[in-house]
Structures are given as structure tokens and as C-alpha cells.
Amino acid sequence: MKIAVFSDIHGNLEALKAVLADAKERGYDRLVCLGDVVGYGADPEECVEVIRREVFVDGSGESVVKGNHDDAVAGGDDSYFNPDAKRAVGWTREHLSEGSLQWLSALPYEKRHSGILLVHASPFDPGEWNYVVTMSEAWNAFESFGERIAFIGHSHVPFTVGIDSAQSSLHVETHEHVILKPGWRYLTNVGSVGQPRDGDPRASYVQYDDEEMTLDRIRVEYDIDAAASKIHEAGLPAFLADRLFKGR
Ligand code: ZN
2 MKIAVFSDIH GNLEALKAVL ADAKERGYDR LVCLGDVVGY GADPEECVEV IRREVFVDGS
62 GESVVKGNHD DAVAGGDDSY FNPDAKRAVG WTREHLSEGS LQWLSALPYE KRHSGILLVH
122 ASPFDPGEWN YVVTMSEAWN AFESFGERIA FIGHSHVPFT VGIDSAQSSL HVETHEHVIL
182 KPGWRYLTNV GSVGQPRDGD PRASYVQYDD EEMTLDRIRV EYDIDAAASK IHEAGLPAFL
242 ADRLFKGR
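Numbering-wise, this note's numbering comes out as the position in the sequence shown, counting from 1, plus 1.
Here it is as C-alpha cells:
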């Protein structure tokens, strides 16, 4: 089965549409979204509608988990957010329908099926929004799941790290196309659709093939000018528009 996994859309409809079109062109059996559908970008309601229609399809196995911005917008804690993020949370809340807020609020923190774990932030404490960036955090992550592969988002920086079958060493995979080794387990940050922060402004997602046992990191160009203009027009912090061009 081919699974397209993406995360951190952040209300960027242009980036979301570009990623879904690219995934459709390559072909997939299942779509998975790791949360932060909203927050920062100017099209939160439209992004929720697209995710509900295309990804959150009841009974067909498609999955969506909750991100920290989804949680904050739907009434969760936002006291740890910086001022720009907090302003975006308030703006986003005012621009979402009651139905979308309820849908975001009801999303699960994690999902497990077919040998994969889906979580927005960390496998060790999904609702605490910890980052998994360092090698010691990756070790902690591997100790807290038994699935073949865990998909995460949250940092907006894509990476893949594997642990050998003896559980004795970690290996960072730097290639865009990774052939998964038998007996190894993997942790993959899929990067961000709507606000990449690894210096590449193109939208990021991954495609996982659980028969071929391959993982592909994919980048997609989208209309950054349109997404940025909408942020300016909405009166959201200008910084949120400017960073889209830099991928930072
Ligand atoms: Zn995010």
C-alpha cells in the first residue's frame, strides 16, 4: 500500500492543494495528516474543509491526528506560544465555523494501524507537544513505540532516522529515496506543507510504500505569492508571510 503522509498545513490552502495534486499524480492508496491543519495561514476554514473531505473519510482507514495549533485554536492551552503565534491563534479561532472547531477539538493525539504510528509531536508523550530533534530525543522516541515506522511533524524540518535490529545504534538517512532495511524501525518527520523551516520553501511530504518498503521525501512548488498576500490582507503578522519565501 502507498501512503502519502503530510503535516503542518497551517491554513495554507495553496500549499495543501499543491501537495494533494502531487500525491494524486503519483498515486496513493491512503492519505494521512499529522495535524496543525490551522494556525498562521489565512485559509483555516478552507483547509479544514479539504482535510475533512479528502483525508478524514470515515470507514476507509484514512487518518488525521491533532496538532498543538489545532488544540490551541479549539480551546486548548496557548500560553507557551510566542506573540505572533498567539495572535494567529486568536485570528484563526474567529475565522473557523463552530463545526470546524468541534472537529479539530475531537481529533485524537495518536493513531496506530498496519504497523505505523501517527502522532503530531512526540511518540513518548503525544499531548505534551515535545520536539524530537536531537539524537537523544530520537532514542526516547524509539523506546516508546513498537511499530515498524512512526511518522511525526511539529518541528517543520524533515528527517528520517533508523534504529538497527539489535536496537544498538541510530542511523540518519540523508537520501530522498530510502529503502527500509528488514528488522530495522524508523522515525520520520515529514516536514511541513504550509510553513517549511528547513530553508527550502517548497511544501514537504513523504510517500511510504509498505510493500516495496520504501520512503520518499517529496517537495512541491506552490503559489507562495498568493498565500503570502492573503496573510497580509487578513492583517496577520507580516512575518508569517515573509517566512514562507525563505522556508524559515
Ligand atoms: Zn506546526
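All C-beta atoms in this analysis are idealised placements derived from N, C-alpha and C, irrespective of residue type, glycine included.
Query - Beta carbon of residue 119 nearer than 8 Å to that of residue 111 - result: yes
Report task. Return yes when the Cβ of residue 248 is within less than 8 Å of the Cβ of residue 197, no when it is not. Result -> yes
Query - Straight-line Cα distance separating residue 33 from residue 91 - result: 27 Å
Query - the region 174–194 in contact with the region 208–220 per 3-pair CB rule at 8 Å - result: yes
Report task. Using DSSP bridges, identify the partner residues of residue 209. Result -> 4 and 216
Query raised in the report: From this set, 194, 152 and 237, which residue's C-alpha is nearest residue 52's C-alpha?
Result: Of the candidates 194, 152 and 237, the one whose C-alpha sits nearest the C-alpha of residue 52 is 194.
Report task. Below 8 Å on the Cβ atoms is my guess for residue 132 versus residue 155; work out the distance and round it to an integer in Å. Result -> 6 Å
Query raised in the report: Looking at residue 151 and residue 188, is the spacing between their C-beta atoms short of 8 Å?
Result: yes
Query raised in the report: Per DSSP, what kind of secondary structure is residue 1 in: helix, strand or coil?
Result: The structure shown has nothing for residue 1, since the chain only spans 2 to 249.
Requested in this report: Using DSSP bridges, identify the partner residues of residue 96.
Outcome: In DSSP, residue 96 forms no bridge with anything.
Query raised in the report: Are at least three pairs of beta-carbons, each pair with one atom in the region 6–22 and one in the region 39–57, less than 8 Å apart?
Result: By the Cβ rule, the region 6–22 counts as touching the region 39–57, because three or more pairs are nearer than 8 Å.
**Report entry** Same chain only: Cβ atoms within 7 Å of residue 87, ignoring 5 sequence neighbours per side
**Finding:** 79
Query raised in the report: Alpha carbon to alpha carbon, how far is residue 228 from residue 48?
Result: 12 Å
**Report entry** Cβ-based neighbour list, residue 225, same chain, cut-off 7 Å, excluding 5 preceding and 5 following
**Finding:** 202, 245 and 246
Query raised in the report: Span of the alpha helix (DSSP H) holding residue 203?
Result: No alpha helix (DSSP H) contains residue 203, which DSSP labels as neither H nor E.
Query - Whole-angstrom C-beta distance between residue 173 and residue 191, which should lie under 8 Å - result: The Cβ separation is near 15 Å, so there is no contact.
**Report entry** C-alpha distance - residue 109 paired with residue 22, whole-angstrom precision
**Finding:** A direct Cα-to-Cα measurement between residue 109 and residue 22 gives close to 26 Å.
Query - Residues near residue 136 in its chain [Cβ-Cβ closer than 7 Å; skip 5 each side] - result: 171
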